[in-house]
Amino acid sequence: MSSDLAARRTAVLGPNVPTFYETPVHLVKGVGVWAWGADGCKYLDCYNNVPHVGHCHPHVVTAIAKQAAKLNTHTRYLHSGIVEYCERLTAKFQTQLDQVIMVCSGSEANDIALRMAQAVTGKTGIIATDNTYHGNTMAVSQLSSRKPPIGGYASNIRHIPAPDTLRPVGGTADGQAVAFAQELQTAIDDLEASGHGFSGFLFCPTFANEGLPDLPQNFMKPAEQVVKAAGGLLIADEVQPGFGRGGETWWGHEWLGISPDVVTLGKPMANGHPVAAVVARAEIMAEFRNAFGYFNTFGGNPVSCAAAAATLDVIEQDNLVNHAKNVGAVFLRELHSIDHHSIASRRGRGLFFALELETDGAADESLAAHVVEYARNHGLLMGRSGRNRNILKLRPPMPFSNENVAMACDILQAAFKA
Numbered sequence: 004m005s006s007d008l009a010a011r012r013t014a015v016l017g018p019n020v021p022t023f024y025e026t027p028v029h030l031v032k033g034v035g036v037w038a039w040g041a042d043g044c045k046y047l048d049c050y051n052n053v054p055h056v057g058h059c060h061p062h063v064v065t066a067i068a069k070q071a072a073k074l075n076t077h078t079r080y081l082h083s084g085i086v087e088y089c090e091r092l093t094a095k096f097q098t099q100l101d102q103v104i105m106v107c108s109g110s111e112a113n114d115i116a117l118r119m120a121q122a123v124t125g126k127t128g129i130i131a132t133d134n135t136y137h138g139n140t141m142a143v144s145q146l147s148s149r150k151p152p153i154g155g156y157a158s159n160i161r162h163i164p165a166p167d168t169l170r171p172v173g174g175t176a177d178g179q180a181v182a183f184a185q186e187l188q189t190a191i192d193d194l195e196a197s198g199h200g201f202s203g204f205l206f207c208p209t210f211a212n213e214g215l216p217d218l219p220q221n222f223m224k225p226a227e228q229v230v231k232a233a234g235g236l237l238i239a240d241e242v243q244p245g246f247g248r249g250g251e252t253w254w255g256h257e258w259l260g261i262s263p264d265v266v267t268l269g270k271p272m273a274n275g276h277p278v279a280a281v282v283a284r285a286e287i288m289a290e291f292r293n294a295f296g297y298f299n300t301f302g303g304n305p306v307s308c309a310a311a312a313a314t315l316d317v318i319e320q321d322n323l324v325n326h327a328k329n330v331g332a333v334f335l336r337e338l339h340s341i342d343h344h345s346i347a348s349r350r351g352r353g354l355f356f357a358l359e360l361e362t363d364g365a366a367d368e369s370l371a372a373h374v375v376e377y378a379r380n381h382g383l384l385m386g387r388s389g390r391n392r393n394i395l396k397l398r399p400p401m402p403f404s405n406e407n408v409a410m411a412c413d414i415l416q417a418a419f420k421a
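The opening residue of the sequence shown carries number 4 in this note's numbering; numbering runs sequentially from there.
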């Protein structure tokens, strides 16, 4: 059945539409941290951050159904849902990030953030790391290093070396923060000399697609100073680390102790409903609104806002930020107990983990692929990340328990032994 569905999928969606695993998983149901395949297999979800408060959480499902049965329309009409939600959302930020644009995807949010930087500075140059991903629009795809754009990168784009645990920028872990900031300054100087000028630096506070490097809390301080001194915007892409995944704070940038000018949100925002947002200071929002005639048909619709508000309810009522901190500490400790000579680094923050695999000093992509496939075949969903796809990536829904940790680590240990 699944092979027939895969063939029909290719026929109607086209070639090279990504799926996970050598044999794609055909999911039919999800509850909490569990998902079920069409063949009856039950999987412990250790990868998906979209169902942030658990697959099909009843409170979120009920909120969506109730609002869908009452009204759904765009934001050219007044509706209390978007106002009340955005008031709750901005209250979660420690700095003066107090105005919101609601959209449908992280790609859209990051695209808007780049235009905000242009509107504020009057310049077009943008900087990102050389091992990142920020979305699928034409603008933000210029920042992705996985597949360079046709015709090459635009002349207003600069990439700087991504921070790294095993091979730090500048050569030493202690000097990496300063070396990273120096690379940023060099790119800024180059953009200014080119005539494009520097408008902003877009980064993920956990550098998730770069492999979740193990960095100190003050790592971004020198880079923040460089960006602010150059008059550009510091843009934090919180699509992966946001909404408490780090386990100590609501936001990754908050843990770093920095103050971004713009924050983008996405995947976990409404527990699977397509909701994303840009949060910015009022003066930045005004510059953007005056420079661009922006409207989003589905962004901020009443059903989406109901889903997002219900997701906030669950995070708050179940104390999931602190839960992520406590369970995450147990998970990381258990990951350190897994014994294999090719595990070069084990690292994590809250409920976000990475195991970097190297054999004889070289990235071991084949071993990483083996572990992921073994886990899938034994009831555990996980993924890979990093420049060489040799970093195991674990990012479970927030209600993950200590019992779930034990099961996940048992399967991982068996995968390394197999």
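The beta-carbon is built from N, C-alpha and C at its ideal position, and this holds for glycine as well. Keep in mind the model is a prediction, meaning the values are calculated, not measured.
Taking 9 Å as the threshold (C-beta atoms), are residue 216 and residue 350 in contact? Yes; because the gap between Cβ atoms is below 9 Å, this pair is in contact.
Is residue 268 close to chain B, meaning its C-beta is less than 9 Å from at least one C-beta of that chain? The structure shown contains no chain B, having only a single protein chain.
Got a sec? Which residues, its chain only, sit under 6 Å from residue 136 by beta carbon, not counting five neighbours each side? Once the five neighbours on either side are set aside, the close Cβ partners of residue 136 are 147, 212.
Of all the beta strand (DSSP E) runs that stay within the bounds of the stretch 241 to 308, which reach a length of 3 or more residues? Segments of the beta strand (DSSP E) lying fully in the stretch 241 to 308: 265 to 268, 279 to 283.
Kindly identify the DSSP beta-bridge partner or partners of residue 161. Answer is 130, bridged to residue 161.
With burial defined as no fewer than 16 other Cβ atoms inside 10 Å of the residue's Cβ, what is the status of residue 55: buried or exposed? Burial call: buried.
Exposed or buried, which one is residue 208 when buried takes at least 16 other CB atoms within 10 Å? It is buried - the Cβ of residue 208 has at least 16 other Cβ atoms within 10 Å.
How do the stretch 281 to 295 and the stretch 259 to 270 stand: do at least 3 beta-carbon pairs fall below 8 Å, yes or no? The stretch 281 to 295 vs the stretch 259 to 270: in contact.
Can you name the residues that DSSP bridges to residue 387? Answer by DSSP bridge pairing, in chain order: 395.
Residue 346: which of 42, 364, 325 sits nearest, CA to CA? Closest option to residue 346, Cα to Cα, is 364.
Three-way DSSP call (helix, strand, coil) for residue 48 in this model: In the three-state scheme derived from DSSP, where H, G and I count as helix and E and B as strand, residue 48 is classed as strand.
Could you spell out where the alpha helix (DSSP H) holding residue 119 opens and where it closes? Its alpha helix (DSSP H) spans residues 109 to 124.
Going by alpha carbons, who is nearest to residue 327 out of 305, 22, 248? Among 305, 22, 248, the Cα nearest to that of residue 327 belongs to 248.
Provide the residue(s) that pair with residue 58 in DSSP beta bridges, ordered along the chain. Note: residue 58 sits in a beta bridge opposite 35.
Could you check how far apart the C-beta atoms of residue 50 and residue 338 are, in whole angstroms? I think they sit under 8 Å. Cβ-Cβ separation between residue 50 and residue 338: approximately 15 Å, too far for a contact (criterion under 8 Å).
Considering residue 410, what are the terminal residues of the beta strand (DSSP E) in which it resides? Taken as a continuous stretch (DSSP letters only), residue 410 belongs to no beta strand (DSSP E), being part of the alpha helix (DSSP H) at 405 to 420.
Assigned secondary structure, residue 324 (DSSP; H/G/I helix, E/B strand, else coil): If DSSP states are grouped into helix, strand and coil, residue 324 belongs with the helices.
Excluding five sequence neighbours on each side, which residues of the same chain lie with their C-beta closer than 6 Å to the C-beta of residue 358? Taking residue 358 as the centre and dropping the five residues before and after it, the same chain places the C-beta of 346, 349, 395 closer than 6 Å to its C-beta, in chain order.
Pull up the DSSP beta-bridge partners for residue 238, would you. DSSP output for residue 238 lists 205, 265 as bridge partner(s).
In three-state terms, what does DSSP make of residue 365? In the structure shown, the three-state DSSP call for residue 365 is strand.
Could you name the residues of the same chain whose beta carbon sits closer than 6 Å to that of residue 139, not counting the 5 residues immediately before and after it, in chain order? Contacts found: 110.
Suppose the cutoff is 6 Å on Cβ atoms and the five residues either side in sequence are ignored; what does the same chain contact list for residue 203 look like? Exclusion of the five residues before and after residue 203 leaves 120, 129, 235, 236, 238 as the residues of its chain whose Cβ lies within less than 6 Å of its Cβ.
Tell me where the alpha helix (DSSP H) around residue 351 begins and ends. For residue 351, no alpha helix (DSSP H) run applies; the uninterrupted beta strand (DSSP E) run containing it begins and ends at 346 to 351, by DSSP.
Who are the Cβ neighbours of residue 172 in its own chain at under 7 Å, not counting the five residues just before and after it? So the list reads 164, 166, 179, 182, 183, 186, once near-sequence residues are dropped.
Kindly indicate which residue of 15, 47, 88 has the alpha-carbon position closest to the one of residue 316. Across the set 15, 47, 88, the C-alpha of 88 shows the shortest separation from the C-alpha of residue 316.
Report the three-state DSSP secondary structure of residue 359 (helix, strand or coil). The answer is strand: DSSP assigns residue 359 an E or B state.
Assigned exposure category for residue 97 - 16 Cβ within 10 Å defines buried: Exposed, because fewer than 16 other Cβ atoms sit within 10 Å of the Cβ of residue 97.
What are the boundary residues of the beta strand (DSSP E) that includes residue 102? Residues 102 to 106.
N- and C-terminal bounds of the alpha helix (DSSP H) containing residue 87: Secondary structure note for residue 87: its alpha helix (DSSP H) is the uninterrupted segment 83 to 93.
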